[in-house]
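Enquirer: Residue numbers (the numbering used here): 276 to 386.
Glycine included, C-beta positions come from ideal geometry on N, C-alpha and C.
Pasting in a structure now, in structure tokens, and then I'll have a few things to ask.
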Amino acid sequence: MNRQQLADGYLRQGNIFTEGLKLLNAEAVAFVPAIPDAWSILDQVIHVADAEINGFIRANPALAVSLGLAAGADSTQLDQPSAAAADQPAADIQEIAADLMTLRELVYDWL
276 MNRQQLADGY LRQGNIFTEG LKLLNAEAVA FVPAIPDAWS ILDQVIHVAD AEINGFIRAN
336 PALAVSLGLA AGADSTQLDQ PSAAAADQPA ADIQEIAADL MTLRELVYDW L
């Protein structure tokens with residue numbers, strides 16, 4: 276598989292992910308299984324978006340700062356865990372998914 280095919284797959288997977296989320300109703304998104312330490316779908320989506328943003332910031336600190344995704348390029352700040360889930364308890368899953376796709380499209384341009 277060449278570089279372009281990998282880049283296209285990266286973007287396509289983001290589209291599959293966000294389109295799949297559109298099929299879920301609010302009850303399904305908020306459901307937490309009766310398993311110790313289980314997460315809802317919303318919790319997982321926030322985690323995926325947070326991880327992808329943190330990865331982008333680590334790979335492109337100067338660009339992340341210029342886009343307002345990071346306060347600075349100080350690597351000690353980038354090592355701190357994000358509190359995205361705690362800051363957005365009533366987050367809209369579609370908004371998070373849209374933001375994730377925007378980030379993937381930006382990253383795609385850099386691949």
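Which stretch, first to last residue, makes up the alpha helix (DSSP H) that contains Ala420?
Expert: Outside the shown range of the chain (276 to 386) lies residue 420, about which nothing can therefore be said.
Enquirer: Drop a sphere of 10 angstroms on the beta-carbon of Leu298, count the other beta-carbons inside from all chains shown, and report buried for 16 or more, exposed for fewer.
Expert: Its Cβ having fewer than 16 others within 10 Å, Leu298 is exposed.
Enquirer: Please list, in chain order, all residues of the same chain as Ala373 whose beta carbon is under 8 angstroms from its beta carbon, the five residues on each side excluded.
Expert: Once the five neighbours on either side are set aside, the close Cβ partners of Ala373 are Thr293.
Enquirer: Could you tell me the alpha carbon to alpha carbon distance between Ala309 and Glu327, rounded to whole angstroms?
Expert: Cα-Cα distance, rounded: 28 angstroms.
Enquirer: Could you check whether Ala301 and Ser315 sit closer than 7 angstroms to each other, using their CB atoms as the reference points?
Expert: No; because the gap between Cβ atoms is not below 7 angstroms, this pair is not in contact.
Enquirer: Given that a residue counts as buried once 16 or more other Cβ atoms are within 10 Å of its Cβ, and exposed if not, what is Gly289?
Expert: By the 10 Å Cβ count, Gly289 comes out buried.
Enquirer: Measure the C-alpha to C-alpha separation of Phe331 and Thr377 and round it to an integer number of angstroms.
Expert: Phe331 and Thr377: Cα-Cα distance of roughly 12 angstroms.
Enquirer: Comparing alpha-carbon positions, which option in Arg278, Asn277, Ile371 lies nearest Asp325?
Expert: The candidate whose alpha carbon is nearest that of Asp325 is Ile371.
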